[in-house]
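Structure record follows, encoded as structure tokens.
Number of protein chains: 2
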Amino acid sequence: MNSQINSLLNRGVEQIIPSADFLSSQLLKEGKLKIYAGIDPTGPTLHIGHSIVLRKLREFQKLGHEVILLIGDFTAQIGDPTDKTATRKVLTESQINKNLQVYKKQASKFLNFSRWGGAKIVYNSSWLKKLDLKKVLNLMSLMTVDQMLKRDMFVRRTEEGKPISMHEFMYPLLQGYDSVMLEVDVEIGGNDQMFNMLVGRDLEKKLINKEKTAITMKLLADATGKKMGKTEGNMVSLSDTANDMFGKVMSWTDGMIVPGFELCTDVVDSEIIRISESLRSGIENPRDIKIRLAKEIVVFYHGSVEADAAERNFINTFSKGDVPEEIQEFKVSIGSLLSKELLDNKIIESIGEYKRLVKEGAVSVVGGEKISDFNFVIDSNLTVKVGKRRFAKFTV
Amino acid sequence: MNSQINSLLNRGVEQIIPSADFLSSQLLKEGKLKIYAGIDPTGPTLHIGHSIVLRKLREFQKLGHEVILLIGDFTAQIGDPTDKTATRKVLTESQINKNLQVYKKQASKFLNFSRWGGAKIVYNSSWLKKLDLKKVLNLMSLMTVDQMLKRDMFVRRTEEGKPISMHEFMYPLLQGYDSVMLEVDVEIGGNDQMFNMLVGRDLEKKLINKEKTAITMKLLADATGKKMGKTEGNMVSLSDTANDMFGKVMSWTDGMIVPGFELCTDVVDSEIIRISESLRSGIENPRDIKIRLAKEIVVFYHGSVEADAAERNFINTFSKGDVPEEIQEFKVSIGSLLSKELLDNKIIESIGEYKRLVKEGAVSVVGGEKISDFNFVIDSNLTVKVGKRRFAKFTV
């Protein structure tokens, strides 16, 4: 088999439905396939989880197929109940518009959006906002309540006695309808999207008699299930600075190193196998390999000059167990509130964040004590460490 | 309390939510209340079950309140899953239009539809067909899946392992939305409509902060739960001939006599109490009282001349255990197929009906045998009895 097709069917892939053989036979036929992935414009930036799907789309595009990035601007206003134990907050149109400007720029790292033959961006509001009640009901008549309730996340909610709002049932159905409108051959998504993708597969078969292949990608997680996440504080955002990105990757667990190479870099499979073996045998120090992973990732997003600087910064800051060489310095009056100065100088994002960090014991005077008083006052020159990687020097 | 209000709150009433007291206090305030009942235009005619609701509307109209008859022309196209164990067949628009011409005429027996101050007829398609997906989702977000699944009929289906189509969940919600659009004070329905009416009560509270009273009417049934129905063959349709109507009422069970007077006639309460007592004590023969009930009903729909004739016909046909005095007579050739002659002369409605009746042993030669051969051939003069009340004389 063609090595590009081989990689496409395997690298980072969790599951292919109906089967890899089916997709492979379609790829070997003449003619372009239509492939899409949907992104919810619900966050201010894409994160490295999105990049996993974008990389797979890029593989299809390189083979000459037609690639579509679907922005779920309409469905985002419902909120995908996936993996949420409570109903999601609904976004406004202007929030969504702002987010998706950022996304296109970030996705350009992976996809060619040139006018002729490039990847297309489509918005599901273009068809969904036109759906009238009769069509909605017709669509609903194709699925049973039971099919929906079997969805793992709804099962969980039911068990926990948490209510499912009726409109949440619509998310999978409307996302499925996107497949129908786009008449796609292939959809790619995270492995938490399988249910929604299969609803679309079902609808495409029923409504336009087309067999869609659903590909789910692996999660960036270690064998114990530990994964990158917002609560873990190591969710790499594509808008992170080189330093932040480097530091976050370094905080991933060792078990995430190999998945990290597979899902987030262009390092070839044979090299990943070598890395995996040298990790297992203990020949190489995991920390050194993780530095290589962090650098691969930062080079991709920020180029090698910034990546080198980020590496140096990381080593200076953390490896020597000391404060970084360069720290931002601020002149303040004696008696200034620490919280206010940190906020005004953008070291923290909000007073809420500050209070949380203080509670967790994550704010301290370098060479001194942890700060436990929210109303801590600056009365002499001091350097403050905030969280894991932020520092500020105040001179009075 | 005003005796009209007393009757309004009690006669034929099964339940009032939130309470009879609440409704009573509203009735005693100045100003008109807005009352509505919905009818699904799914059958070719109204039946006497509808008349129970129409009678209650009439009481409100007589007290000067604003009465609205809502034709569920849009929701009829979804199908109310109430009391259905399977998803209902969807009607076409033209079927619906045809049906509701008939309804208005029939409802005029109860309601004054004069242009000024008369009852209004509205169609829920006028607002529902304009609902776009966003509004639909907003509506759906106000109800949980759990609330829907608790509905008795959905519980039954789930227990029986019969699928509930997603669109069936929409029926109660959209019917509820009718209440919101009409901004009604009171809704009247059959007792199987309580769930749907309460959804509307909920939505009216949430969306326009108005407290709707829901009134359910008793079923025309006896104490054992036996009721009038299509399968029982005694469902009185408002388009029945005087003879058919009379005969059908006479086939109701004795236990339905008192409910029949209460729900389907203008006989005063004190008289119904007297009837009820004389039935219980055995002073009067139930059959004689049932004849009075049948006559009351037939007089209302067909006038007293026709009612007298129907009574005579009934007594001649059935009471004497004999064939009626006047029977339609047809000249046929020897060797004619009985089924074809019955069909051509409109004694039966279809060959299917004929076969069913033959199977049930309900076709016989008067003074002779039951007919068991579908292909029975007429080879001499004979009179045939078909079902309980139909006769035909064939001469060769």
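Residue numbers (my numbering), protein chains in the order written: chain W, 962 to 1357; chain Z, 962 to 1357. Glycine is no exception: its CB is placed at the ideal position from the N, C-alpha and C atoms.
Cutoff 7 Å: residue i Cβ touching any chain W Cβ
i: residue 1083/Z; result: no
i: residue 1334/Z; result: no
i: residue 1097/Z; result: yes
i: residue 1046/Z; result: With a pLDDT of only 44 at residue 1046/Z, under the threshold of 50, the placement of this residue in the model should not be trusted, and no figure is reported.
i: residue 1101/Z; result: yes
i: residue 1057/Z; result: no
i: residue 1039/Z; result: yes
Neighbouring residues, chain W, relative to residue i (Cβ below 7 Å)
i: residue 1167/Z; result: Here the premise fails: no neighbours, minimum Cβ distance about 13 Å.
i: residue 1106/Z; result: 1125, 1127 and 1130
Minimum Cβ-Cβ distance from residue i to chain Z less than 7 Å
i: residue 966/W; result: no
i: residue 1072/W; result: no
i: residue 1087/W; result: no
i: residue 1142/W; result: no
i: residue 1032/W; result: no
i: residue 971/W; result: no
i: residue 1149/W; result: no
i: residue 1344/W; result: no
Unbroken beta strand (DSSP E) run spanning residue i, endpoints
i: residue 1343/Z; result: 1343 to 1347
i: residue 1300/Z; result: That residue, residue 1300/Z, is in no beta strand (DSSP E); its alpha helix (DSSP H) goes 1299 to 1305.
i: residue 1314/W; result: Segment 1312 to 1320 is the alpha helix (DSSP H) holding residue 1314/W; no beta strand (DSSP E) there.
i: residue 1019/W; result: Run containing residue 1019/W: none in the beta strand (DSSP E); it sits in the alpha helix (DSSP H), 1009 to 1023.
i: residue 1037/Z; result: Neither: residue 1037/Z is in no beta strand (DSSP E) and is coded neither H nor E.
i: residue 1137/Z; result: Where residue 1137/Z is concerned, there is no enclosing beta strand (DSSP E), although the alpha helix (DSSP H) it sits in stretches over 1131 to 1143.
i: residue 1356/Z; result: 1351 to 1356
i: residue 1222/W; result: Per DSSP, residue 1222/W belongs to no beta strand (DSSP E); it is in the alpha helix (DSSP H), 1218 to 1225.
i: residue 976/W; result: 974 to 978
i: residue 1178/Z; result: 1174 to 1178
i: residue 1147/Z; result: 1147 to 1151
i: residue 1291/Z; result: 1290 to 1292
i: residue 996/Z; result: 995 to 1000
i: residue 1325/W; result: 1324 to 1326
i: residue 1083/W; result: 1081 to 1084
Beta-carbon spacing of residue i, residue j below 7 Å
i: residue 1034/Z; j: residue 1084/Z; result: yes
i: residue 1182/Z; j: residue 1188/Z; result: yes
i: residue 1125/Z; j: residue 1097/W; result: no
i: residue 1006/W; j: residue 1298/W; result: no
i: residue 1254/W; j: residue 1275/W; result: no
i: residue 1268/W; j: residue 1204/W; result: no
i: residue 960/W; j: residue 1340/W; result: This structure cannot speak to residue 960/W, because chain W is shown only from 962 to 1357.
i: residue 988/Z; j: residue 977/Z; result: no
i: residue 1156/Z; j: residue 1112/Z; result: yes
i: residue 1014/W; j: residue 1131/W; result: no
i: residue 1344/Z; j: residue 1354/Z; result: yes
i: residue 1154/Z; j: residue 1036/Z; result: no
Candidates the options, of which the one nearest residue i by Cα
i: residue 1079/W; options: 1105/W, 1111/W and 1019/W; result: 1019/W
i: residue 966/W; options: 1132/W, 1186/W, 1217/W and 982/W; result: 982/W
i: residue 1133/Z; options: 1122/Z, 1104/Z and 1117/Z; result: 1104/Z
i: residue 1292/Z; options: 1272/Z, 1255/Z, 986/Z and 1357/Z; result: 1357/Z
i: residue 1234/Z; options: 1244/Z, 1219/Z and 1340/Z; result: 1219/Z
i: residue 1026/W; options: 1165/W, 1330/W, 1333/W and 969/W; result: 969/W
i: residue 1141/W; options: 1157/W, 1123/W and 1161/W; result: 1161/W
i: residue 1145/W; options: 998/W, 1339/W, 1336/W and 1066/W; result: 998/W
i: residue 1338/W; options: 1314/W, 1303/W and 1318/W; result: 1303/W
i: residue 1158/Z; options: 1109/Z, 1127/Z, 1116/Z and 1117/Z; result: 1109/Z
i: residue 1252/Z; options: 1207/Z, 1287/Z, 1231/Z and 1289/Z; result: 1207/Z
i: residue 1209/Z; options: 1008/Z, 1180/Z and 1002/Z; result: 1008/Z
i: residue 1195/Z; options: 980/Z, 1010/Z and 1241/Z; result: 1010/Z
Listed by chain order, chain Z residues near residue i by CB distance under 8 Å
i: residue 1139/W; result: In chain order: nothing, as chain Z lies at least about 13 Å away.
Under 8 Å by beta carbon: chain W residues contacting residue i
i: residue 1090/Z; result: 1093, 1094 and 1095
Neighbouring residues, chain W, relative to residue i (Cβ below 9 Å)
i: residue 1109/Z; result: 1106 and 1127
Residue interval of the alpha helix (DSSP H) (run including residue i)
i: residue 1276/W; result: From DSSP, residue 1276/W is part of no alpha helix (DSSP H); its letter is neither H nor E.
i: residue 1184/Z; result: Taken as a continuous stretch (DSSP letters only), residue 1184/Z belongs to no alpha helix (DSSP H), as it is neither H nor E.
i: residue 1161/W; result: 1155 to 1169
i: residue 1057/W; result: 1054 to 1068
i: residue 1236/Z; result: 1230 to 1242
i: residue 1096/Z; result: 1094 to 1101
i: residue 1295/Z; result: Neither: residue 1295/Z is in no alpha helix (DSSP H) and is coded neither H nor E.
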